[in-house]
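One structure is given below, encoded as structure tokens.
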Amino acid sequence: MDTMDGLSMDLERANLDKLRGVFPECFAEGKLDIDKLLGLCGEYIDNDFEKYRFEWKGKAECLRLAQKRSAGTLRPCPGESVDWEHTRNLYIEGDNLEVLKLLQTAYYRKVKMIYIDPPYNTGNDFVYADDFADPLARYKEVTAQTTKSNPETMGRFHTNWLNMMYPRLRLAANLLRDDGVIFISIDDGEVTNLRRLCDEVFGEENFMAQIIWQKVYSPRMDVQGFSTSHDYILCYVKSSVESIRQEAFSQNSAQFNFVDSSNGKKYRRRSIRKEGSHSTRSERPNLWFALSAPDGTQVYPYKPDGTEGCWRWSMDTYIENEKQGIVEWVKTENGWQAYAKQYLDTEAVKPPETLWLHQEVGHNHSAAESIKKLLDGKVFDSPKPVELIMKIIKLATYSDTNDIILDFFSGSATTAHAVMQLNAEDGGNRRFILVQLPEVCDEKSEAAKAGYANICEIGKERIRRAGASIGAGDTGFRVFKLDSSNLKTWDAAPIDPQAGDVIGELANRMNAMIHRVKPDRSDLDMVFEVMLKLGVPLDFPVTEVSVNGKTAYSVGEDCLLLVCLAPDIQPGDVEQMAEYAPAKAVISRDSFADDTAMANAWYILRDRGVDLKLV
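Counted from 1, the sequence shown has number 90 at position 88 by this note's numbering; the numbering is strictly sequential.
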């Protein structure tokens, strides 16, 4: 019978468990024997001090911060949500570092795609100044002030940005599925550092592309030097290049002006003599040989100018293709010519390219005008085009699966708009999780004048209006807000014997812990914290049920989890809880009259195969 501690997933322990599974012999009395581990790695250990690595001030501390457990929770806000009961989409207000920690248990290796548009570190945009000691306190401070900048004059310009990005990418990597993909927008200022950072977090071998997106359609005439026309989008896979889908493309049917009498398919002819680079006999001598024309003529791959070329195929490949009816010989005035039949493919695909023009995926101006029209005013600077994000989603997800798409720098919520729009177009079931810090809108901004207090208010309203205009599929979203845990924690601060009554202070602290749930928190707050900490996705249905007249909550379609916080739980109540056949039951300690009643409940549930957890 375990008692929940109100903390997020212990990532350090999870990492040790992974090592224990691979190297059990390296553990003794629960501790890792690093010397034994190094011994097993043998010659693959690099002991050279001057090794290749990416370092900056604060990196080690950032890694510790990423692994530090969060004492926060996500409080549900049904009143700010749309279609709370049925939607599978999530919108989370809060510091994304803490939120990413809280998502670890429920969403570990479950996210198919991540897209983020982080601060570019231009000197004027926001860069999170993380508090290593008390992140939640820092978060509350940040939400009460306007955006802070990171000017180059600070002396730690790149360092501050790296310290902000590193722990967040570390945590994000944990959430990606084995076939997951991450896309990150960036400009010239930090693209080099971001590449090196992602090489470390995701693995250099998992780098896929540095995509160039044409963000403007005309040059700026008021700049010195070059007018920048593009941004970058970095793409990394979790482990497999097959995570990137091929793109559909339309072939020019007019070019396919022949019909194969054997199968009725349209085709065009393509010479089997190699063209372009490496197409000479001297470069590819193994591809210089004679082929027999229909009348027995021996044909060599001479080029039109008479030089010796080479074939595109080996002799074995030619023989196999001839058997398949793909080879076609044509007698011309210049003699026999050998062609391959290339059939018209109505479902043709191609690898995605790394140059994305504005005609295909939109540009900054079109994106700004689109959101301006949707929200009745210019309330957000530099949003990304919906078409751009839709293209990214198409490359990484499938319409017939429940793929989760995460954006933890969600800004104006373009990602949510793109997910809903694409689902409506192809009948998909993709879901989004958006995370955004509620940065306060400057009082002089158009957003503030329009009544928006912070960026989250803009994002939520954008989703509401976009969903209403789309009108198909799941256009709802559940809203959650980051806060401290609903459970009280023991005050471990030292007591100064000179400052007052030590015994009285200890008694006060103990009395405060008699009821573990904070008095200002609701049952629903506790239910979702339980879900979060036990690894149950936040989009699961939560249904209020009755247990002998006492309120309880069934989580999941088949009561995966049963939560009861009602007072005065009796054995008969526990018996009825067991009738719901949950995998786990969670009951408040305050619900039992004494330890005997608590123990009886444990025995009753255990005999029914139900795991009892306490809060």
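Backbone N, C-alpha and C define an ideal beta-carbon position, used for all residues, glycine too. Model, not experiment: these values are computed from the prediction.
Which term fits residue i, buried or exposed, when burial requires 16 or more other beta carbons within 10 angstroms of its beta carbon?
| i | result |
| --- | --- |
| residue 363 | buried |
| residue 30 | exposed |
| residue 486 | buried |
| residue 545 | exposed |
| residue 429 | exposed |
| residue 365 | buried |
| residue 299 | exposed |
| residue 280 | exposed |
| residue 273 | exposed |
| residue 319 | exposed |
| residue 357 | exposed |
| residue 474 | exposed |
| residue 482 | buried |
| residue 518 | buried |
| residue 208 | buried |
| residue 14 | exposed |
| residue 10 | buried |
| residue 593 | buried |
| residue 277 | exposed |
| residue 360 | buried |
By DSSP's criteria, residue i is part of a beta bridge. Which residues make up the other side?
| i | result |
| --- | --- |
| residue 434 | 407 |
| residue 566 | 589 |
| residue 311 | 282 |
| residue 260 | 269 |
| residue 345 | 269 |
| residue 331 | 340 |
| residue 185 | 117 and 237 |
| residue 1 | There is simply no residue 1 to check, as the chain begins at 3 and stops at 617 in what is shown. |
| residue 29 | 34 |
| residue 78 | 482 |
| residue 456 | 442 |
| residue 294 | 300 |
| residue 616 | 5 and 589 |
| residue 629 | The requested residue 629 is not part of the displayed model; the chain covers only 3 to 617. |
Since I believe residue j is in contact with residue i (beta carbons under 8 Å), could you give me their beta-carbon distance rounded to a whole number of angstroms?
| i | j | result |
| --- | --- | --- |
| residue 566 | residue 586 | Not really, about 12 Å apart at Cβ, beyond 8 Å. |
| residue 344 | residue 270 | 5 Å |
| residue 461 | residue 484 | At roughly 15 Å, the Cβ-Cβ gap does not stay under 8 Å, so residue 461 and residue 484 are not in contact. |
| residue 387 | residue 415 | So it is not a contact: roughly 13 Å between Cβ atoms. |
| residue 346 | residue 396 | 23 Å between Cβ atoms; not a contact. |
| residue 83 | residue 558 | In fact, because the Cβ distance is near 19 Å, the residues do not count as touching under 8 Å. |
| residue 406 | residue 112 | 6 Å |
| residue 480 | residue 92 | 5 Å |
What residue from the options has the CA that sits closest to residue i's CA?
| i | options | result |
| --- | --- | --- |
| residue 125 | 191, 100 and 92 | 191 |
| residue 472 | 580, 461 and 419 | 419 |
| residue 292 | 310, 188 and 184 | 310 |
| residue 307 | 282, 258 and 521 | 282 |
| residue 118 | 458, 410 and 554 | 410 |
| residue 61 | 32, 171 and 108 | 171 |
| residue 114 | 433, 384 and 224 | 433 |
| residue 25 | 102, 238 and 39 | 39 |
| residue 212 | 225, 222 and 186 | 186 |
| residue 596 | 615, 569, 614 and 349 | 569 |
| residue 563 | 260, 536 and 549 | 536 |
| residue 438 | 609, 459 and 398 | 459 |
| residue 193 | 233, 265 and 489 | 233 |
| residue 116 | 314, 108, 162 and 175 | 175 |
contact_flag[the stretch 421-429, the stretch 387-400] where n(CB pairs < 8 Å) is 3 or more: yes
At least 3 beta-carbon pairs within less than 8 Å: the stretch 32-43 vs the stretch 454-474: no
Cβ pair count under 8 Å reaching 3, the stretch 439-452 against the stretch 367-383: yes
Meets three-Cβ-pair contact criterion under 8 Å: the stretch 529-541 and the stretch 74-82: yes
Segment contact, 8 Å Cβ cut-off, at least three pairs: the stretch 196-207 with the stretch 228-245: yes
Meets three-Cβ-pair contact criterion under 8 Å: the stretch 217-224 and the stretch 322-331: no
Cβ pair count under 8 Å reaching 3, the stretch 254-263 against the stretch 331-338: no
Any 3 or more C-beta pairs closer than 8 Å across the stretch 462-470 and the stretch 100-110: no
The stretch 602-612 in contact with the stretch 570-590 per 3-pair CB rule at 8 Å: yes
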